[in-house]
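For what it's worth, the UniProt record's numbering labels the leading residue of the sequence shown as 1, then goes sequentially. From the three backbone atoms N, C-alpha and C, an ideal C-beta is built for every residue, glycine too. A quick write-up on the structure given underneath.
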Amino acid sequence: MWTVGRGVSWQIVVSVVIVGLTWPGVRICAKEVGGVTAPLHRGTAFIENDWKSSVELAKDGAYRLSWKPTEERIVFLVEVRTNGYVGLGFSLDGRMVKADIAVGWVHDKTKRPYLLDCHGGNDNSIPIRDAEQNLDLVNGYQNGTHTVLMFSRLWDTCDREEDLIIGNDTIRVIWSYNDHDDPLDETLFNIHWHGHQQRGSKSLNLRNPIIKRYDSQNKYLDFRMPNISVPRNMGTVYWCKVFKIPRLSVKHHIVGYNPLLDDRDSDLIHHMMLYECHGKATFKMDQYASEKGFLCYTSQMPLETESCITPTVSWAIGSIGEYYPPHVGLPIGNNPKQDTYYMLEIHYDNPTMREIIDSSGVRLHYTDKLRKHDGGIFVTGTIVSPLHIIPPFQTAYRTAGYCDKYCTGAVLPSAGVNSVSVVLHSHSAASKMKLRHFRQGEELAPIVQDDHYDFNYQQSRTLPREITIFPRDELATECTYNTMNRSQPTQAALQNVA
1 MWTVGRGVSW QIVVSVVIVG LTWPGVRICA KEVGGVTAPL HRGTAFIEND WKSSVELAKD
61 GAYRLSWKPT EERIVFLVEV RTNGYVGLGF SLDGRMVKAD IAVGWVHDKT KRPYLLDCHG
121 GNDNSIPIRD AEQNLDLVNG YQNGTHTVLM FSRLWDTCDR EEDLIIGNDT IRVIWSYNDH
181 DDPLDETLFN IHWHGHQQRG SKSLNLRNPI IKRYDSQNKY LDFRMPNISV PRNMGTVYWC
241 KVFKIPRLSV KHHIVGYNPL LDDRDSDLIH HMMLYECHGK ATFKMDQYAS EKGFLCYTSQ
301 MPLETESCIT PTVSWAIGSI GEYYPPHVGL PIGNNPKQDT YYMLEIHYDN PTMREIIDSS
361 GVRLHYTDKL RKHDGGIFVT GTIVSPLHII PPFQTAYRTA GYCDKYCTGA VLPSAGVNSV
421 SVVLHSHSAA SKMKLRHFRQ GEELAPIVQD DHYDFNYQQS RTLPREITIF PRDELATECT
481 YNTMNRSQPT QAALQNVA
């Protein structure tokens with residue numbers, strides 16, 4: 001997301017390629033060896049609603065992870081439906097091999113909590129206890145159904161041999177638990193295997209909290225496909241649907257959105273875009289709003305929908321949505337005397353061409369309590385073109401899309417815009433993404449960067465501080481691809497791949 005100077009804000013979704021910020025400050029490493037157990041942090045107060053982010057790691061709700069970033073360290077809370085041991089690890093590829101792993105449990109008789117700093121070996125065998133224990137156990141207990149552990153660690157423990165630095169990149173969080181068995185001692189050599197069903201991995205950006213600002217006083221609008229039957233003769237389908245919203249008597253602000261995914265086929269939805277339509281309303285737009293939709297970017301697409309070009313939502317796979325900062329809102333209902341239309345675009349990736357009946361979409365949350373700044377969305381990157389070709393057997397093939405000084409000079413106000421958050425979007429061959437920023441011929445710090453990009457985790461990233469982009473600044477959206485597993489060139493294609 002991006003904000004604008006002088007009381008105006010813009011949300012910017014960077015399409016195709018971007019990378020995270022360098023965290024301010026330098027840590028000077030020193031030996032810090034902790035124990036297996038530790039008393040409560042007396043100087044830190046943790047309350048249940050103080051957790052910035054939480055996620056269910058197990059599909060059945062058996063493993064819940066919450067975390068809170070601070071300047072120097074990160075605090076974790078794991079709540080697991082077991083009275084045995086629990087494991088939480090950090091990996092660059094989602095595997096246990098060479099991963100940074102925490103193993104904890106609560107002794108069934110003494111009720112004493114234990115926590116070990118471990119690492120994965122050269123295979124998926126039992127975790128190995130680290131020579132340096134860099135985890136700080138805050139608290140732990142178990143009841144009849146759950147084991148709960150709270151602990152913290154430094155972002156950079158300075159243990160280069162056995163710990164992983166948690167930075168701004170996407171990281172693969174690995175998890176596991178065992179239903180019945182605690183380790184009998186601190187060597188872990190007797191630990192029992194967790195089994196196939198009690199383990200997994202999930203990509204997350206732990207530096208960037210997923211903040212949910214729910215407010216019961218907010219209103220919402222749903223934009224959902226009306227149980228459409230997606231064509232089965234295409235591996236890739238873009239489907240569009242026009243919507244007409246109720247007239248609003250006064251200006252409102254959109255404060256966030258979340259996806260509405262149909263459980264039947266949510267794994268096939270690659271991304272969703274919601275566009276506001278401009279221009280004079282016609283009876284044809286009313287007609288389109290009453291219909292089920294059409295194939296985007298084909299002869300089926302009505303000419304009138306060419307006015308639907310202002311992005312309001314940009315959602316992609318792995319995202320739970322976004323709530324904007326308290327001082328930013330996207331305007332809606334600016335003209336109460338005129339009907340307002342939106343167009344929802346959903347990209348279905350259906351390589352097996354299975355039957356899809358879908359009702360997915362997005363929910364907009366809005367309020368009549370106006371925020372300080374109006375927001376907007378700015379998209380930059382590489383357009384889909386058959387000339388965009390990635391050769392096979394490449395470990396790090398880079399391409400870039402440019403918004404030069406004439407581009408920013410034409411679209412940005414004279415006072416510039418302030419970036420608030422960014423969405424990184426690319427496809428499965430992408431391994432790194434970066435949004436580079438230039439001013440008067442000099443390169444500034446990247447606006448966002450991710451050297452471990454994961455196609456399946458395209459959550460928006462709130463910037464730690466707003467970054468101003470002025471007219472005549474230049475942006476380069478850079479993407480690095482890995483095609484070592486592909487024997488043929490990869491060519492960009494928009495849709496309708498049969």
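Rounded distance between the beta-carbons of D473 and R436, thought under 8 Å: 11 Å between Cβ atoms; not a contact.
Just reading off the beta strand (DSSP E) that A476 is part of, what are its end residues? 474–481
I think T170 touches Y457, with their Cβ atoms under 8 Å apart; what is that distance to the nearest whole Å? 6 Å
So residue 511 and T477 are in contact, right, with Cβ under 8 Å, and what is the actual spacing, rounded? Residue 511 lies beyond the residue range present for the chain, which begins at 1 and ends at 498; the question has no answer from this structure.
Whose CA, out of H278, H146, Q142, R398, lies closest to the CA of I309? H278
For M285, which three-state DSSP category applies? helix
Three-state secondary structure (DSSP) at E32? The predicted model places E32 with a pLDDT of 42, which falls under 50 and marks its position as unreliable; any figure quoted below should be read in that light. DSSP places E32 in coil when its eight states are reduced to three.
Please determine whether the Cβ atom of Q197 lies at a distance below 6 Å from any heavy atom of the ligand FMN. Questions concerning the ligand FMN fall outside what the structure shown contains, since it holds no ligand whatsoever.
Nearest-angstrom Cβ-Cβ length linking E72 and L204, presumed shorter than 8 Å: Contact doesn't hold; Cβ gap of about 19 Å is too wide.
Looking only at its chain, what residues have a beta carbon closer than 6 Å to the beta carbon of T82, apart from the 5 residues adjacent to it on each side? T147, Y177, D179
Check for me: the alpha helix (DSSP H) holding V148 runs from which residue to which? Premise fails: V148 lies in the beta strand (DSSP E), 147–154, not in any alpha helix (DSSP H).
Can you tell me the Cβ-Cβ gap for I346 and S360, rounded? I've got them flagged as a contact below 8 Å. 6 Å
Tell me whether the beta-carbon of N124 lies closer than 7 Å to the beta-carbon of M150. no
Hey, out of H327, I469, L260, whose CA is closest to S319's CA? L260
Taking 6 Å as the limit between beta carbons, can you name the residues of its chain near K432, skipping five residues before and five after? D451, Y453, T480
Using a 10 Å radius around the Cβ and a threshold of 16 neighbouring Cβ atoms, would you call R398 buried or exposed? exposed
Less than 7 Å between the C-beta atoms of E322 and S460, yes or no? yes
Do you know offhand how far V103's Cα is from N208's? 24 Å
From the beta carbon of A445, is the nearest beta carbon of chain D less than 7 Å away? Given the protein chain composition of this structure (a single chain), no chain D is represented.
Own chain partners of D404 with C-beta closer than 6 Å, once the 5 adjacent residues on each side are dropped: E474
Using a threshold of 7 Å, state whether the C-beta atoms of V417 and I469 are closer than that. yes
To the nearest angstrom, how far is it from the Cα of P39 to the Cα of L57? Note on P39: pLDDT 37, under 50, position unreliable in the model; no value is reported.
Uninterrupted beta strand (DSSP E) stretches inside the segment 287–335 (no shorter than 3 residues): 308–316, 328–332
DSSP three-state label for Y406, please. helix
Please look up how many angstroms separate the CB atoms of F223 and Y342, rounded, as I've assumed it's under 8 Å. 6 Å
Helix, strand or coil: how does DSSP classify D267 here? helix
Return the CA-CA distance between Y85 and A400, expressed in angstroms with no decimal places. 46 Å
Between which residues of its own chain and K292 is the CB-CB distance below 6 Å, once the five residues before and five after are set aside? P226, I228
Do H252 and Y366 count as a contact pair if the criterion is CB distance below 7 Å? yes
Residue from S216, A289, R129, H270 whose Cα sits closest to the Cα of I191: R129
Can you tell me whether N396 is buried or exposed? The criterion is at least 16 other CB atoms within 10 Å of its CB, across all chains shown. It is worth fixing the name first, because residue 396 is Ala in this sequence and not Asn. It counts as exposed.
When burial is assigned at 16 or more other CB atoms within 10 Å of the CB, is W193 buried or exposed? exposed
Reduced DSSP category for D123 - H, G, I as helix; E, B as strand; rest coil: coil
Mapping the DSSP letters down to three states, classify L40 as helix, strand or coil. In this prediction, L40 scores a pLDDT of 37, lower than 50, which makes its location untrustworthy; the coordinate-derived value is nonetheless stated afterwards. The answer is coil: DSSP assigns L40 none of H, G, I, E or B.
Quick one: is S216 buried, meaning 16 or more other Cβ sit within 10 Å of its Cβ, or exposed? exposed
Pick out whichever of P489, L221, M234 has its Cα sitting closest to the Cα of I389. P489
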